[in-house]
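If you read the sequence shown in the UniProt record's numbering, its first letter stands for residue 3, the second for the next number, and so on.
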Amino acid sequence: DEWDVKICCIGAGYVGGPTMAVIAKKCPKVRVCVVDISQKQIDAWNSDKLPIYEPGLPEIVSDCVNKNLFFSTDVDGEIDKADIIFISVNTPTKTKGIGAGRAANIKNCELCARQIAKVANSSKIVVEKSTVPVRTAQAITRVLKSNDKGLDFQVLSNPEFLAEGTAISDLMAPDRVLIGGHQSPEGLAAAEKLVSVYANWVPRERILTTNLWSSELSKLVANAFLAQRVSSINSISALCEATGADVSEISRAVGMDDRIGKRFLQSSVGFGGSCFQKDILNLVYLCETFGLEECAAYWNQVVIMNDYQKKRFSQKMVAQMFNTVTGKKIALLGYAFKKDTGDVRETPSMFVLRDLLEEGARMHVYDPQVSREDMWIEMNYTCGVNHDNTPGLDESVITETDVYAACDGAHALAVLTEWDEFKTLDYERIFKSMAKPAFVFDGRNILDYAKLRDIGFEVHAIGKPDPNKFSDL
Ligand code: NAD
Ligand code: UDX
């Protein structure tokens, strides 16, 4: 047929969708089909309203869809057609059984391998795109090799490093593409085939090839190092609040050292998202499995520090507001785990919301991209809070489509996602409409505090000196 290579990607989520859209865009002679068991998800990809919000994505999808990019629920048919099959399914932290709360569940990956072994009629290259525990490729290989059709399957590891909100630019110009494979002639040939797909737009020197286990483990390590930087600066933010030092000045002073670097030193209410915590816990569990208790404890501290940071934020809000928020209206500005996404998985806003609800506050939430439905799904999944076990939830949490309505009559507003629009709100208008004293808690350090204090707000930010506490700033 007319195609150089045919790719099937199992899993049409935050990774599968954008990654395959960019491959299709950059490789017109490659046929790409993304499949999923969720009909709703596939229907959304084939509609005008994509299932995820990601800047730049709609343009690419509409350019390529039904040319060389397809979305389908015909998992079996598309597996059989493909030369290269990506497994890009979710690998969440186990909630039950052995390793509950830490180990990643690779059930979905194994199911994909079983499906491939069952329905394939020709040899395939199978690529782990999901983030998995090191040595998962061994399990995948064994499942595939148990087929009795005499087919050959080569398993590669090709972890994804995109960040949500910047997925398209990350995919268009990746720092590196990592491909791990068996160091056999067949394994090296398979890796070379995948290299040649990426080489359509990624410079060769940025495409790294390694053995399978290094590739699998590098992904966990990369996320652990990034999250560790955020927890490190957040630990310092607490010390700043106690001493009058300013965490932003520290980030700048420390980050200008080339050996340290500037990025991922932005102090915040804590990191969220579906990856950091899950991948660190995965690493912690691996260390424990191999009897490396000190290594496990070292990395686990990154998560403990993040939990502390989230808790510290809500506790500070209550403490500053005269130790009670019962019955008070509080506006949460931003619910997504970072700007430019609608994703709420593990979002720090959820933990702040939960804590303040427990204190009896009346919560009004504004986020430009988050749906109320997604909020409740994640709140139930991660915090176990739902409408059945928490009567009155619908009355105590109001989602607003207008940010000024969210703040009207509120005792406090808390910025929890760094959406750009929050920097340019009419804070004079907001101040006039709020109860007094009007508190601002900035969990992202994006607002202009001098201006807000001039207007009359009482402002508290992460790792920023409080002028009411330090007269010698
Ligand atoms: P997601 O939940 O958004 O998407 C996963 C999709 O897989 C879902 O639509 C689900 O219906 C589908 N699926 C699950 N089992 C299936 C099966 N057996 N057959 C067909 N479809 C199936 O998840 P995601 O955020 O895209 O993450 C996917 C993987 O990529 C995870 O391992 C994650 O750790 C990793 N990762 C995620 C990011 C990120 O930013 N979200 C970045 C890098 C790596
Ligand atoms: C992360 C990794 O960056 C990416 O390489 C990997 O593929 C998936 O996991 P993501 O979770 O989408 O990406 O977003 P990221 O930009 O890393 O932010 C994660 C969390 O850390 C967010 O809640 C963000 O607000 C927070 N963060 C990030 C900080 O609080 N401070 C920082 O300096 C950077």
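The beta carbon of each residue, even a glycine, is placed where N, CA and C say it ideally should be. Remember, it's a predicted structure, so these values are computed and weren't measured experimentally.
> Which word fits Asp154, buried or exposed, when buried means at least 16 other C-beta atoms lie within 10 angstroms of its C-beta?
Replying inline: exposed
> Are there 16 or more other CB atoms within 10 angstroms of the CB of Pro176, so buried, or fewer, so exposed?
Replying inline: buried
> What first and last residue would you give for the alpha helix (DSSP H) that runs through Cys289?
Replying inline: 278-291
>> Is the separation between the beta-carbon of Asn308 and that of Ser233 shorter than 7 Å?
In response: yes
>> Once the 5 residues before and after Ile44 are set aside, which same chain residues still bring their CB inside 7 Å of it?
In response: Ala14, Asp38, Phe73, Ser74, Thr75
>> On the criterion of 16 or more Cβ atoms from any shown chain inside 10 Å, does Pro94 qualify as buried, or is it exposed?
In response: exposed
> How would the residue list near the ligand NAD read, in chain order, if you kept each one whose beta-carbon is closer than 6 Å to any heavy atom?
Replying inline: Ile12, Gly13, Ala14, Gly15, Tyr16, Val17, Gly18, Asp38, Ile39, Ser40, Gln43, Val77, Ser90, Val91, Asn92, Thr93, Asn110, Leu113, Cys114, Ser132, Thr133, Glu162, Leu164, Glu166, Ser276, Cys277
> What's the C-alpha gap between Pro135 and Gly411?
Replying inline: Going from the Cα of Pro135 to the Cα of Gly411 covers about 49 Å.
> Can you tell me whether Glu397 is buried or exposed, with buried defined as 16 or more other CB within 10 angstroms of its CB?
Replying inline: exposed
>> Taking 7 Å as the threshold (C-beta atoms), are Leu158 and Ala119 in contact?
In response: no
>> Any heavy atom of the ligand UDX inside 6 Å of the beta-carbon of Phe315?
In response: no
>> Considering only their Cβ atoms, is the gap separating Phe88 from Lys131 smaller than 7 Å?
In response: yes
> Can a CB atom of chain D be found closer than 7 Å to the CB of Met22?
Replying inline: Of the protein chains in this structure there is only one, and it is not chain D.
> If you compare alpha carbons, which of Gly275, Glu402, Glu361 is closest to Val305?
Replying inline: Gly275
> With distances taken between CB atoms, is the gap from Thr401 to Lys341 smaller than 7 Å?
Replying inline: Between Thr401 and Lys341, the CB-CB gap reaches or exceeds 7 Å.
>> Tell me the rounded alpha-carbon separation between Ala333 and Ile86.
In response: 48 Å
>> Taking 7 Å as the threshold (C-beta atoms), are Val346 and Asp376 in contact?
In response: The criterion of a C-beta distance shorter than 7 Å is satisfied by Asp376 and Val346.
> So is the beta-carbon of Lys340 under 6 Å away from any non-hydrogen atom of the ligand UDX?
Replying inline: yes
> Using a threshold of 6 Å, is the CB atom of Ser270 nearer than that to any non-hydrogen atom of the ligand UDX?
Replying inline: yes
>> Quick check: the stretch 456-463 against the stretch 276-291, are at least 3 beta-carbon pairs closer than 8 Å?
In response: no
> Taking DSSP as the reference, what is the three-state secondary structure of Gly183?
Replying inline: DSSP places Gly183 in strand when its eight states are reduced to three.
>> I need the DSSP call for Ala26, collapsed to helix, strand or coil.
In response: helix
>> At 4 residues or longer, what runs of the alpha helix (DSSP H) sit wholly inside the stretch 97-121?
In response: 109-121
>> When you compare the stretch 256-273 with the stretch 211-226, are there three or more beta-carbon pairs, one atom per stretch, that lie closer than 8 Å?
In response: no
> Between Gly274 and the ligand UDX, is the CB less than 6 Å from at least one heavy atom?
Replying inline: A heavy atom of the ligand UDX is found nearer than 6 Å to the CB of Gly274.
> Helix, strand or coil for Lys126 per DSSP?
Replying inline: strand
> Given 8 Å as the limit, is there contact between the stretch 18-36 and the stretch 58-72, that is, 3 or more CB pairs closer than that?
Replying inline: The stretch 18-36 makes contact with the stretch 58-72: 3 or more CB pairs, one atom from each, lie closer than 8 Å.
>> Run through the DSSP bridge pairs and tell me what Gln156 is partnered with.
In response: In the DSSP output, where bridge partners are listed per residue, Gln156 has Ile127.
>> Using a 10 Å radius around the Cβ and a threshold of 16 neighbouring Cβ atoms, would you call Gln156 buried or exposed?
In response: By the 10 Å Cβ count, Gln156 comes out buried.
>> Out of Thr168, Thr384, Phe472, Pro393, which one is the CA nearest neighbour of Gly103?
In response: Thr384
> Mind checking whether the beta-carbon of Phe424 lies closer than 6 Å to any heavy atom of the ligand UDX?
Replying inline: no
> In the DSSP assignment, what residue or residues form a beta bridge with Val34?
Replying inline: Ile9, Leu71
>> Check this for me: beta carbons of Asn110 and Val91, under 7 Å apart or not?
In response: yes
>> Quick check on this structure: which residue in Pro20, Lys126, Thr245 has the alpha carbon closest to the alpha carbon of Ser473?
In response: Ser473 has its Cα closest to that of Thr245, out of Pro20, Lys126, Thr245.
> How many whole angstroms separate the CB atoms of Gly465 and Ile238, which I take to be in contact at a CB cut-off of 8 Å?
Replying inline: 7 Å
> Around the C-beta of Gln140, are 16 or more other C-beta atoms found within 10 angstroms, so that it is buried, or is it exposed?
Replying inline: Exposed, by the Cβ-count rule.
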